[in-house]
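Here's the structure we're looking at; comments come further down.
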Amino acid sequence: MAGRPERRDDGTVDKRARSRGPETRGPQAYWTGLGDLLPPEKRPGRPRLRHQLGHWRTFRHPPESGPLRRGQQDRLLGGVAAGLAARTGMDVTVVRSVFVLAALASGFGAAAYVLAWLLVPVVGESNSMVSKALTDRRGIALAAGIGSLLVIVLLIASALGASWVGTLASPLLITVAGIVLIWRNAPADEQAMIRHFAEPLVDLAEGRIRLRLAWRGVIAGLLLVGGLAILVPEHQRQFLGALAGVALVIAAIVVVLGPWWLRIARDLVIERQARARAEERADMAARVHDSVLQTLALIQRRASDPHQVIQLARAQERELRSWLFDGRAPGSIDERGMTLAAGVRLIQQEVEAQHGIAIEAVTVGDCALDDSLTALLAAGREATVNAVKWSGASVVSLFAEVEPTEVSLFVRDRGRGFDPGAVPDDRKGLAESVHARMTRRGGSATVRSVQGEGTEVSLTMPRAAGERQPSRA
Amino acid sequence: MSTGDLSTGDLSTGGRAPGGDRPTVVIVDDHGLFRSGVRSELGDQVEVVGEASDIRPAIELIARVLPDVVLLDVHLPGGGGQDVVAATKSAHPQVRFLALSASDAPEDVIAVVRAGARGYVTKTISGADLVAAVHRIAAGDAVFSPRLAGFVLDAFAAEPASGSAAPSFDPEFDQLTAREREVLRLIARGYTYKEIARELFISVKTVESHVSSVLRKLQLSTRHQLTRWATERRLA
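Listed in order, the protein sequences are those of chains A and B.
Numbering follows numbering that gives the first Met the number 0, in which position 472 of the first sequence is assigned residue number 471; successive positions increment by one, without gaps.
Numbering follows numbering that gives the first Met the number 0, in which position 166 of the second sequence is assigned residue number 165; successive positions increment by one, without gaps.
Structural data, given as structure tokens:
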């Protein structure tokens, strides 16, 4: 948070900055990463409360004007139902029920939902996913491949006399192909959500269990066919003959199209790996920023004091060595058995020691750390260091509260404040470290700043189920 | 650390410390250096009428000069600051106490507040904030540091166990209202009363009354955690 002297009266970050598009990659672009920044009256408060309100909301509420957009705040999947509800004034639960019933009745509910997901832009955007999907040649090939596989399965099923196939075929095709395209082209936050749903399936498909199961299935099938051949009386052998024919057709199709499917599957794996590498790189960039770049900046500012420079350089060297050779990431707070309150205290101690500015830390409740809470602490630490460096305040307040469903962390200073719209593009500080860290784990980050009054960064991370412990602070 | 919940600007809106009427103050602390430091920081905004360095002299001094506010160190050589509060409170209920300490272990702070102090701040508080705190206490309000707000949220967080605590459970004192929680949360986040009022669309006076009501609950509640802290400090 650089103290850039440009005034913004409400002190909030304009959410619409997100939809301004690439032509305004000026100062705003730095902040566009902080997409959840809403004006105070729209800020997502305490989700628990919002949930309760949603529950008791009246059946109808005034419809919003403007084009149909997918909702982002209260979505379950793609936010289509939420968007429709907002547009028509219907209750979102009713819209959802209609979709589910339509999906169960004929399958068209699911197809329509997926198509809408593809075609309707998300709130604040003007382009839908389709425009991106059309340029994604590999994705279209994948969709076509999976679609053709599905067609074959359906053909075989109908050949075997399953009458329901006729009504289900087309919606099923649309749904499957649509989901493939969505999966490949959705923005990062939606992708994270889909992955959350799909992870168990993918794990199953990749694991060795699956392979063993397949072998077992093949052997069982052979035994079954053999047994049937022996058991079934003479005059019904005809039926078995037909079955064998179907099996041969399937085998032929697999031989013909198999390599293609295999290649698609391999491409998919390669792409997953590439994405994992990119994420790792982003993580590493954030860590280097937290440690090495911060220290270099400190060294420049304290160049007149050789003693301090040496001390900083030594500390950084130690940290870097332990990262490179012992695998302990700098700035990470991943000590085993550490709790959230202890992590907050550690931030307080370290930042106070490094920067000589008082940190007032208050924690309410406590819980064990997991990956996402470690990310929350790292983001909080980054926000604290930022406040210490840029706000000019003599005290920075740090408040953490553990609630049953989420953990919140607030970093507040009464310093000079800044105009979030005027932060230069090349400052990675908050955009990468804080916001990306939070959203990668399903959390959110909000910054409120008023020039001359100070800044508050609010971080919220949903919690995996766990007991709230009273804090021992 | 400073108590962010105080600011001199709020005083004008409080209005219960009439202009020009300087509250009289007694400082009780065993460190002479700290006493003189506080005395100079308070300047001419308040009238320091005496100093004491231990429990017995403090009780005698307070009974003699009857100050508006006593700045009371939580740790004194002869015991805890709560002994001074306990000895003075019944005879001179008009004397109000503001607890100060260097450390802020919850049991110390809770003990002295439950004994009757109307507020608690850490010794690192800035001069201006301390003056504001003294005025607030003199006017009959409560003063919570962010840490104290955190403790209180913690102590009142869990629902009392239905089995054990049920007989002594009193909803009037053993639970905070949603609004009181909100106010405490904002104090813990470092907001001033004025900022809290703006954030919640209420008046500063309403914020003050919420904090006072929390203070009353803190003093009267029989919640398990509070009583445990209190008994550990031999107070129950």
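Don't be surprised by glycine CBs; every beta carbon is placed ideally from N, CA and C.
Treat the numbers as computed from the prediction; the structure is a model and nothing was measured.
Backbone secondary structure at leucine 219(B) - three-state DSSP:
Correct three-state label for leucine 219(B): helix.
Kindly indicate which three-state DSSP category isoleucine 358(A) falls into: helix, strand or coil?
In this structure, DSSP gives isoleucine 358(A) an extended state, which the three-state scheme calls strand.
Alanine 196(B) beta carbon less than 8 Å from that of proline 145(B):
Result no, Cβ atoms of proline 145(B) and alanine 196(B) do not sit closer than 8 Å.
Within 8 Å of chain B by C-beta, residues of the stretch 355 to 370 of chain A in sequence order:
Taking 8 Å as the Cβ-Cβ cut-off against chain B, the residues of the stretch 355 to 370 of chain A that qualify are Ala357, Glu359, Val361, Thr362, Val363, Gly364.
With a cut-off of 8 Å, does the C-beta of alanine 187(B) fall near any C-beta of chain A?
It does; some Cβ of chain A falls within 8 Å.
Opening and closing residue of the beta strand (DSSP E) in which valine 394(A) lies
Valine 394(A) -> beta strand (DSSP E) spans 394 to 401.
Glutamate 452(A) versus valine 446(A): straight-line alpha-carbon distance, rounded:
Looking at the two C-alpha atoms, the distance is approximately 13 Å.
Does DSSP put glycine 453(A) in a helix, in a strand, or in coil?
Three-state DSSP puts glycine 453(A) in a strand.
Can you name the residues that DSSP bridges to threonine 338(A)?
Residue pairing by DSSP puts threonine 338(A) in a beta bridge opposite Ala367(A).
Determine, using beta carbons only, whether valine 401(A) and aspartate 365(A) come nearer to each other than 8 Å.
Closer than 8 Å, so yes.
Keeping to the same chain, check which residues put their C-beta closer than 8 Å to that of leucine 141(A); ignore five residues upstream and five downstream.
Sequence-distant partners of leucine 141(A) (beyond 5 residues in either direction) whose C-beta falls short of 8 Å from its own C-beta, in its chain, are Val179, Arg183, Ile263, Asp266, Leu267.
Quick one: what's got a C-beta closer than 7 Å to alanine 158(A)'s C-beta in the same chain, skipping five residues either side?
Val245, listed in sequence order.
Using a threshold of 8 Å, state whether the C-beta atoms of leucine 97(B) and alanine 85(B) are closer than that.
Not a contact, by the Cβ cut-off of 8 Å.
State yes or no: is the beta carbon of arginine 380(A) nearer than 8 Å to at least one beta carbon in chain B?
No, its Cβ sits nowhere closer than 8 Å to a Cβ of chain B.
For histidine 134(B) and alanine 435(A), I'd like the C-alpha separation in whole angstroms.
Their backbone Cα atoms lie some 45 Å apart in a straight line.
So the beta strand (DSSP E) arginine 95(B) belongs to, where does it begin and stop?
Bounds of the beta strand (DSSP E) holding arginine 95(B) are 95 to 100.
Going by DSSP, what residue range makes up the alpha helix (DSSP H) through tyrosine 192(B)?
It spans 192 to 199 - the alpha helix (DSSP H) in which tyrosine 192(B) sits, taken as one unbroken run.
Exposure label - threonine 454(A); buried when at least 16 CB within 10 Å
The residue in question, threonine 454(A), is buried, as its Cβ has 16 or more Cβ neighbours within 10 Å.
May I have the straight-line CA-CA distance separating valine 255(A) from tryptophan 214(A), to the nearest angstrom?
Computed Cα separation, rounded: 21 Å.
Rounded C-beta distance between alanine 137(B) and arginine 95(B)? I'm assuming under 8 Å.
In this structure, alanine 137(B) and arginine 95(B) form a Cβ contact; the two beta carbons are roughly 7 Å apart against a cut-off of 8 Å.
Looking at the unbroken alpha helix (DSSP H) that takes in threonine 92(A), where does it start and where does it end?
Here the alpha helix (DSSP H) through threonine 92(A) covers 91 to 104.
Assuming alanine 86(A) contacts proline 120(A) (C-beta within less than 8 Å), just tell me the rounded distance between them.
Rather than alanine, the amino acid found at residue 86(A) in this sequence is arginine. Contact between arginine 86(A) and proline 120(A) is absent: CB atoms are separated by about 13 Å, not below the 8 Å threshold.
Can you tell me where the beta strand (DSSP E) with glycine 49(B) in it begins and where it stops?
Per DSSP, the unbroken beta strand (DSSP E) holding glycine 49(B) starts and ends at 46 to 51.
Unbroken stretches of the alpha helix (DSSP H), 4 residues or longer, contained in the stretch 272 to 308 of chain A:
For secondary structure counted as the alpha helix (DSSP H) over 4 or more consecutive residues, the stretch 272 to 308 of chain A holds these complete runs in sequence order: 293 to 300.
Quick one: which residues of the stretch 432 to 453 of chain A get their C-beta closer than 7 Å to a C-beta of chain B? List them in chain order.
Those would be none; no residue qualifies.
Output the distance between the C-alpha atoms of aspartate 418(A) and alanine 168(A), rounded to the nearest integer angstrom.
Spanning the two alpha carbons is a distance of roughly 55 Å.
If we cut at 8 Å on Cβ distances, does aspartate 107(B) have a partner in chain A?
No, aspartate 107(B) does not count as interfacial toward chain A.
Serine 396(A) touches chain B at which residues, Cβ-Cβ below 7 Å?
Residues of chain B passing the Cβ test: Gly3, Pro145, Arg188, Gly189.
Please classify proline 461(A): does DSSP put it in a helix, a strand, or coil?
The answer is strand: DSSP assigns proline 461(A) an E or B state.
For arginine 137(A), which of helix, strand or coil comes out of DSSP?
In this structure, arginine 137(A) counts as helix in the three-state DSSP scheme.
Output the distance between the C-alpha atoms of serine 432(A) and leucine 223(A), rounded to the nearest integer angstrom.
Serine 432(A) and leucine 223(A): Cα-Cα distance of roughly 58 Å.
Cα-Cα separation, leucine 103(A) to leucine 172(A)
Rounded to whole angstroms, leucine 103(A) and leucine 172(A) show a C-alpha spacing of 15 Å.
Between arginine 180(B) and valine 363(A), what straight-line distance do the alpha-carbon atoms span, to the nearest angstrom?
Whole-angstrom Cα-Cα distance: 12 Å.
Terminal residues of the continuous alpha helix (DSSP H) containing threonine 87(A)?
Element bounds for threonine 87(A): 79 to 87.
List, in chain order, every chain B residue whose beta-carbon is nearer than 7 Å to that of arginine 68(A).
Within chain B, no C-beta atom comes less than 7 Å from the C-beta of arginine 68(A); the nearest is roughly 30 Å away.
Short CB-CB distance (under 8 Å) between arginine 411(A) and chain B:
Residue contact with chain B for arginine 411(A): present (Cβ-Cβ distance below 8 Å to some residue of chain B).
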